[in-house]
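Each residue of the sequence shown is one higher than the one before, starting from 414 at the first, in the numbering used here. For reference, the structure discussed in these notes is given below.
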Amino acid sequence: MSIIALVDCNNFFVSCERSVDSSLENQPVVVLSNNDGCIISRSDEAKRLGIPMGAPYFKIRAELMRRKVRVFSGNFALYSAKSSQVAQALAAFSGLREFYSIDESFLSLNHVPPAMLREFARELKAGVRQTTGIPVSIGIARTKTLAKLANAIAKKTARLDGILNLHDSPQLDMALSRTPVERVWGVGRRLSATLKAAKIQTARDLRDAPDKWIMRKFNVVLMKTVLELRGTPCFPLRETVPQRKSVMYSRSFGTLIETQSQMEAAVSDFTARAAEKLREDGMATRYLSVYMRTSRHIPRESRYSASGEMALPVPTDCTHDLIREAVGIARRIFREGFQYYKVAILLTDLTPAAEKQISLFETRDVNRLQTLMHTLDRINRAHGPGTLQYAAEGLKKPWLSRKKSLSPAGLEASNACPAISADAPRPLLGFVHPVQG
414 MSIIALVDCN NFFVSCERSV DSSLENQPVV VLSNNDGCII SRSDEAKRLG IPMGAPYFKI
474 RAELMRRKVR VFSGNFALYS AKSSQVAQAL AAFSGLREFY SIDESFLSLN HVPPAMLREF
534 ARELKAGVRQ TTGIPVSIGI ARTKTLAKLA NAIAKKTARL DGILNLHDSP QLDMALSRTP
594 VERVWGVGRR LSATLKAAKI QTARDLRDAP DKWIMRKFNV VLMKTVLELR GTPCFPLRET
654 VPQRKSVMYS RSFGTLIETQ SQMEAAVSDF TARAAEKLRE DGMATRYLSV YMRTSRHIPR
714 ESRYSASGEM ALPVPTDCTH DLIREAVGIA RRIFREGFQY YKVAILLTDL TPAAEKQISL
774 FETRDVNRLQ TLMHTLDRIN RAHGPGTLQY AAEGLKKPWL SRKKSLSPAG LEASNACPAI
834 SADAPRPLLG FVHPVQG
C-alpha cells in the first residue's frame, strides 16, 4: 500500500517575507520578479483585492499604493535559505522524501497508520510552521497525482484547514468530479483541449476513460496519469535529484549596458554565479556559452543579439578559468553602439567534479586551487553573496537588477538564515520514520 503526501508552502515568497517581518501578517503583500518586473507571489489578502498574478509592476504601481499593498523585490537568497529550512523540518517526519520544487515536497507516509493520517498531517503542518515560520498545505493520497489534486483542494477550501486526506476516502469521486481536467498534474492546457473535444471535462472523466482509447489517441505518459488517478502508483518518489545537465545564469540589467568594460564586468559577475552553482552540485563543465542581447521592445534597427561558445580543454569548476574564457567570448561578440538589456551564461557538457581529469600540461597546484574555491564558497555562504569576489566583477555594478523594495529584514535573514537546530521540535507520534543520516 502506498501513502503519499504533497507538502506545499502557501504563497511561498510572501510567506518568507512574513517569516522575518511579523508586521506583514494579515496585510496585502506582493513580491516582484527580477528587476522588479512583475508580480510573482501574492498573499491571500492581495488575491482578494483582485491583484492579478504576473501583472507588470509599472502598470499597477499606483493601484497598489492606493490599496496600501506592501510591495517587495524578490529576495531569492532568502527564499532558497527558507526552502532549505523547510526541507530540514520535513526530514523529521519522513525518511523518504522528494524535493519537487523550491516550495513543494513529496513525502512517503507508509509508516503512518491510515487511521492516524490526518492527526499526523496536523502535527507536520504545525511543526513546519513552528520551526520555519512557513505555513503549508498538505494533500494525502495513494499516488503523487492524487496527492497534488488533494493539495490543490486543501489550499482553496478554508474549512479543510490546509489538509485533505483522499487516501481510501469516500470523497475521492467528488474531488475528481470537481477538478477540471486541465488542473490534473501533467495534463495542462494544450492536452486538455484535445481531451475536452472528446468530452473528457474532469479528472473523473479522465480516470474512467477506456485504456485502449487513451493509448491509441495519446501515449503511455498520459496512460500512467490515468492509472495514478485510479490509485495505482506509476511515478515513484525520487530520493536523489537527477544529475543536472546544464547550468544557466541569466539576468536582465537594471541599467542598460553600453560599454565593453561594463559588459565584461557583468559577464564576469554572471559567470562567477554560474560557477558557484556548478560547485554546489559537485559538477564541472567542458562547454561554455555567452549570450547577450538588446531589448525586444525597441525599434528593430536598434536591436542586436549574439552568442559565442567554446569547448574547454578539460572539465573545470574553477571560477577564474571560466571568467577568463567568458570574457574572451564577450569581447568577440560585443558590438559598440547598442544598449544591452540581458546576458546569459550557459555551462553544458557537465561531468562530476570528482571524476574530472587533469591536463598533462597543468602547472598549477590543483589541490590548492580546489581549496581556494571551497574557501570562497564557504565565506560567501556564511557572510552573504559577494563578500569575496573577483576584481573583474566590478565593485559598483550599476547594471544589477533593480530591487528598490528589498526588505532590510529579508536581506539580513538571507545572509544569515540559520539551519534548524537539533533542539527543534520533533514529531510526538510514536510511528514516525527514523530520520536518515
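Every residue, glycine too, gets a C-beta built ideally from N, C-alpha and C.
Residues that DSSP places opposite residue i in a beta bridge
i    : result
S718 : R706
S659 : DSSP lists no partner for S659.
T698 : T729, L763
M442 : Reading off the sequence, residue 442 comes out as Val, not Met. Per DSSP, R483.
E693 : The partner list for E693 (beta bridge, DSSP) is empty, contrary to what the question assumes.
A418 : L520, I553
C451 : P469
R794 : DSSP lists no partner for R794.
Whole-angstrom C-beta distance between residue j and residue i, which should lie under 8 angstroms
i    : j    : result
T684 : Y753 : T684 to Y753, Cβ: 16 angstroms. No contact.
I464 : V443 : 6 angstroms
Y704 : S681 : No, Y704 and S681 are not in contact; Cβ-Cβ is about 15 angstroms, not under 8 angstroms.
A659 : L735 : The amino acid at residue 659 is misidentified as Ala; the sequence shows Ser. Between L735 and S659 the Cβ distance is about 14 angstroms, and since that is not below 8 angstroms, they are no contact.
D581 : P646 : Going by Cβ atoms, the distance from D581 to P646 rounds to 14 angstroms, so no, they are not a contact pair.
Same chain, Cβ closer than 8 angstroms to residue i, five either side skipped, listed in chain order
i    : result
P469 : G450, C451
P583 : none
L503 : V420, R510, S518, L520, L537, V541
Span separating the alpha-carbon of residue i from that of residue j
i    : j    : result
E677 : R716 : 20 angstroms
S663 : N448 : 12 angstroms
N488 : R603 : 33 angstroms
P548 : S507 : 18 angstroms
T668 : Y700 : 29 angstroms
A567 : T544 : 22 angstroms
K557 : E652 : 14 angstroms
R474 : S665 : 20 angstroms
N564 : T729 : 42 angstroms
G741 : M696 : 23 angstroms
S415 : M529 : 15 angstroms
T714 : R748 : It should be pointed out that residue 714 corresponds to Glu in this sequence rather than to Thr. Approximately 14 angstroms, taken between the alpha carbons.
R531 : E476 : 41 angstroms
K625 : P712 : 53 angstroms
A914 : R591 : Past the edges of the chain, shown from 414 to 850, lies residue 914, and the structure says nothing about it.
L642 : R781 : 54 angstroms
L650 : C422 : 19 angstroms
K561 : A500 : 18 angstroms
Own chain residues within Cβ distance below 7 angstroms of residue i, not counting five before or after
i    : result
A459 : P441, V442, V443, V482
E671 : Q752
Neighbourhood of residue i by C-beta, 6 angstroms cutoff - its chain only, sequence neighbours within 5 removed
i    : result
F485 : E430, V444, S818, S820
V845 : Residue placement at V845 is poorly supported in this model, since its pLDDT is 43, which falls under 50; the coordinates still yield a value, given next. Here the set comprises nothing.
Entirely enclosed alpha helix (DSSP H) segments - the segment 722-784, minimum 4 residues | 732-746
Quick one: complete beta strand (DSSP E) runs, 3+ long, within the segment 564-632?
-> As far as the segment 564-632 is concerned, its whole beta strand (DSSP E) runs of at least 3 residues are 576-578.
Uninterrupted alpha helix (DSSP H) stretches inside the segment 485-544 (no shorter than 4 residues) = 489-504
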